[in-house]
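Here is the structure we will look at.
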Amino acid sequence: MMGLVCPNCGTKIEKPLRIKEERLLIVEGRDEEEFFSALLEKLKINEIQVLGIGGKSLLKDRLKALKIDSQWKKVSSLGIMRDADQNPEGAFQSVCSALKNAGLPVPKKVMEPTNRNINLNPSLTSQHTVTTEDNANNLLKTGLF
Amino acid sequence: MVKRVDYQRKTKKDKQGIIKEDKGGYKRSMGQVDTSLPYNMLEVENFRCIKSLTIGPLEQVNLITGINNVGKTALLEAIFLHIGEINPELAWRIDRWRGLGPDYSSSWRQLFWQFDPKTPIRITATGVKDKKRSLTISTTPADATIIKNAIQREKETAFKSSGVLIQFEYTDENGETRKTIGTPLMFIEDEDNVVRFELRIEPPIGLTRFAGVFLNPRGKTTYDEDVQRFSQMRIKQQDRLLIDAMRLIEPRLEGLEILSPQGITLIFGHLRDYNEPIPLPLLGDGIRRLASLILAISAAQRGIVLVDEIENGLHHSVMTSMWNMIAEAATQFNTQVIATTHSQECVVAAHDAFSKRKEYSFRLHRLDRQNGEITAATYDQETLEAALSIPLEVRG
Chain A
1 MMGLVCPNCG
11 TKIEKPLRIK
21 EERLLIVEGR
31 DEEEFFSALL
41 EKLKINEIQV
51 LGIGGKSLLK
61 DRLKALKIDS
71 QWKKVSSLGI
81 MRDADQNPEG
91 AFQSVCSALK
101 NAGLPVPKKV
111 MEPTNRNINL
121 NPSLTSQHTV
131 TTEDNANNLL
141 KTGLF
Chain B
1001 MVKRVDYQRK
1011 TKKDKQGIIK
1021 EDKGGYKRSM
1031 GQVDTSLPYN
1041 MLEVENFRCI
1051 KSLTIGPLEQ
1061 VNLITGINNV
1071 GKTALLEAIF
1081 LHIGEINPEL
1091 AWRIDRWRGL
1101 GPDYSSSWRQ
1111 LFWQFDPKTP
1121 IRITATGVKD
1131 KKRSLTISTT
1141 PADATIIKNA
1151 IQREKETAFK
1161 SSGVLIQFEY
1171 TDENGETRKT
1181 IGTPLMFIED
1191 EDNVVRFELR
1201 IEPPIGLTRF
1211 AGVFLNPRGK
1221 TTYDEDVQRF
1231 SQMRIKQQDR
1241 LLIDAMRLIE
1251 PRLEGLEILS
1261 PQGITLIFGH
1271 LRDYNEPIPL
1281 PLLGDGIRRL
1291 ASLILAISAA
1301 QRGIVLVDEI
1311 ENGLHHSVMT
1321 SMWNMIAEAA
1331 TQFNTQVIAT
1341 THSQECVVAA
1351 HDAFSKRKEY
1361 SFRLHRLDRQ
1371 NGEITAATYD
1381 QETLEAALSI
1391 PLEVRG
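Protein chains in written order, with the numbering used here: chain A, 1 to 145; chain B, 1001 to 1396.
Structure, rendered in structure tokens:
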């Protein structure tokens, strides 16, 4: 079966992604997506979906797009991982700003989840939003939530 | 005869429905509403499968997505009834397009949420000047009686077919209310042989504020409608746009004319390398559909065109160009377009076409069913760009 084709340039369009899991870990690119997916598989953690949504400058609009996705209602926990570059506080504030812009709960500190379920869905039990930076010492903790 | 609505803009109301010129290269954010469009926000209650739905803000051109049976066609039907203001005949017409005959429709139950006519249908639009225009549809049981003054032919007896009357009540942007009653009549010959149905509408419905055309995949526009609309375009010398649009599918097309060689009047196309003109139906479904769409946009000037399954019959390679033509036509004739689609390619093409225009006058709206209720999510340019780039599924 043929895949989708861009009507403008004729190149193949990737099959759209579906949010499948209650816990979502957002990373920057395909490399990070593959790395964390493999890590979680190695650790036998299979209830977290890793989603590479592109570079950090795109986070603001892409969080809004995720928030209105038809499957967003499934999500109770959201983790965001990004490169802190040379400015960890600035990176954290940038993520907080994107979360606020999308109407999502904003954590007070890195690695400290909010205590509000992002979908306020009483049928879901996990109630954490974790925002963190790509700090080498904290990778595993972040992946584990 | 069933009364027909002539979809002309009411001259008297023109001053109240001033179309505010709103040009210029800017992007509207979700919070901004274009108050020059006939439909900005829309609320539908108790209609077909929709218990309660709010959708908007709408743009000049809109695409509706969603899984099967989520209410996309019902939403278009609700807008169609609202354009007609106090015209119960449109309720019969939308049922016919669904394949339901007038005998089924005469009880009106199928119009109402969960087939329950006790709760009225309410369709409220916010449009020109940000003022509300509201249509309420309700039914009234009445005795099934013989109506002698309806009889037009010998041997006929007319009955109220189910004894259920339908009432359309429309409150305009100035708070003025008008209403009509529709009485389904069943004509019987030889005591028990049903020969025809008719809807008697009283008082007369008059003209509507906005022109409206509904193109649906099952009921194609008639050749007569296409011929009439093309004639109007030709008289005003606006047919260049139509030929350009049709050339997307048939690059050999050199011109169009109206001919009636065998008593049936049709649009004919002149093709390069062909000695004689070819009737439009023989040029193929895709070109006919695109032509009908552009003709409908021109006919519904300053009004609205509703299109069910817009991608039908069109190859993916022409879709971006098709959206460019729709955008051109919608701008030229100041017509609002609301279409449904199941095609991701169609969404990508629309986003692509409008992203390259001076003004991104397009929005995507996805209908979802959650806990039995239908909801709408609206994508503006940035959000749709983000969703398609990830890429997320935007069809529900």
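From the three backbone atoms N, C-alpha and C, an ideal C-beta is built for every residue, glycine too.
Pick from the options that is closest to residue i, judged by C-alpha positions
i: residue 1300/B; options: 1163/B, 1215/B, 1047/B and 1135/B; result: 1215/B
i: residue 1085/B; options: 1049/B, 1093/B, 1171/B and 1192/B; result: 1171/B
i: residue 1338/B; options: 1228/B, 1213/B and 1386/B; result: 1213/B
i: residue 79/A; options: 106/A, 85/A, 55/A and 87/A; result: 106/A
i: residue 94/A; options: 22/A, 56/A, 17/A and 49/A; result: 56/A
i: residue 1145/B; options: 1071/B, 1110/B, 1186/B and 1042/B; result: 1186/B
i: residue 1393/B; options: 1067/B, 1074/B and 1046/B; result: 1067/B
i: residue 1045/B; options: 1331/B, 1237/B and 1137/B; result: 1137/B
i: residue 1182/B; options: 1199/B, 1343/B, 1395/B and 1169/B; result: 1199/B
i: residue 1191/B; options: 1321/B, 1342/B, 1056/B and 1154/B; result: 1154/B
i: residue 103/A; options: 68/A, 109/A, 89/A and 51/A; result: 68/A
i: residue 1320/B; options: 1345/B, 1333/B, 1341/B and 1102/B; result: 1345/B
i: residue 1318/B; options: 1083/B, 1349/B and 1043/B; result: 1349/B
i: residue 1069/B; options: 1369/B, 1323/B, 1230/B and 1151/B; result: 1369/B
i: residue 1063/B; options: 1382/B, 1375/B, 1306/B and 1390/B; result: 1306/B
Extent of the continuous beta strand (DSSP E) to which residue i belongs
i: residue 1160/B; result: 1156 to 1160
i: residue 1170/B; result: 1164 to 1171
i: residue 1376/B; result: 1373 to 1379
i: residue 1182/B; result: 1177 to 1189
i: residue 1121/B; result: 1121 to 1126
i: residue 1207/B; result: Element bounds for residue 1207/B: n/a, residue is neither H nor E.
i: residue 1257/B; result: 1253 to 1259
i: residue 1047/B; result: 1041 to 1047
i: residue 50/A; result: 48 to 52
i: residue 81/A; result: 77 to 82
i: residue 97/A; result: Counting along the chain, residue 97/A falls outside any beta strand (DSSP E), though it belongs to the alpha helix (DSSP H) covering 88 to 101.
i: residue 1362/B; result: 1362 to 1370
8 Å Cβ cutoff, residue i in contact with chain B
i: residue 56/A; result: no
i: residue 77/A; result: no
i: residue 42/A; result: no
i: residue 68/A; result: yes
i: residue 31/A; result: no
i: residue 73/A; result: yes
i: residue 99/A; result: no
Nonlocal neighbours in the same chain, by C-beta distance under 6 Å from residue i, ignoring five residues either side
i: residue 1289/B; result: 1313
i: residue 1077/B; result: 1094
i: residue 1132/B; result: 1124 and 1126
i: residue 1073/B; result: 1308
i: residue 1287/B; result: 1246, 1249 and 1250
i: residue 1059/B; result: 1361, 1362 and 1363
i: residue 1049/B; result: 1071 and 1074
i: residue 1135/B; result: 1082, 1123 and 1170
Close beta carbons around residue i, own chain, < 7 Å, minus the five adjacent residues each side
i: residue 1278/B; result: 1268, 1269 and 1271
i: residue 1141/B; result: 1163 and 1164
i: residue 1038/B; result: 1127, 1128, 1210, 1303, 1304 and 1336
Segment limits, alpha helix (DSSP H) that includes residue i
i: residue 1230/B; result: 1223 to 1235
i: residue 33/A; result: 30 to 42
i: residue 1135/B; result: Counting along the chain, residue 1135/B falls outside any alpha helix (DSSP H), though it belongs to the beta strand (DSSP E) covering 1132 to 1141.
i: residue 1084/B; result: 1072 to 1084
Cβ of residue i within 8 Å of any chain A Cβ
i: residue 1151/B; result: no
i: residue 1223/B; result: no
i: residue 1101/B; result: no
i: residue 1366/B; result: yes
i: residue 1370/B; result: yes
i: residue 1336/B; result: no
Within chain B, partners of residue i - CB distance below 7 Å
i: residue 65/A; result: 1383, 1386, 1387, 1390 and 1392
i: residue 62/A; result: 1386 and 1390
i: residue 53/A; result: 1390
Residues that residue i contacts on chain A, provided the C-beta gap is smaller than 8 Å
i: residue 1379/B; result: 65 and 68
i: residue 1396/B; result: 70
Nonlocal neighbours in the same chain, by C-beta distance under 8 Å from residue i, ignoring five residues either side
i: residue 1188/B; result: 1156, 1157, 1158, 1159, 1194 and 1195
i: residue 1266/B; result: 1223, 1227, 1258, 1259, 1260, 1279, 1280 and 1281
i: residue 1092/B; result: 1002, 1102, 1105 and 1199
Contact list for residue i against chain B, beta-carbon separation under 9 Å
i: residue 17/A; result: 1390, 1391, 1392 and 1393
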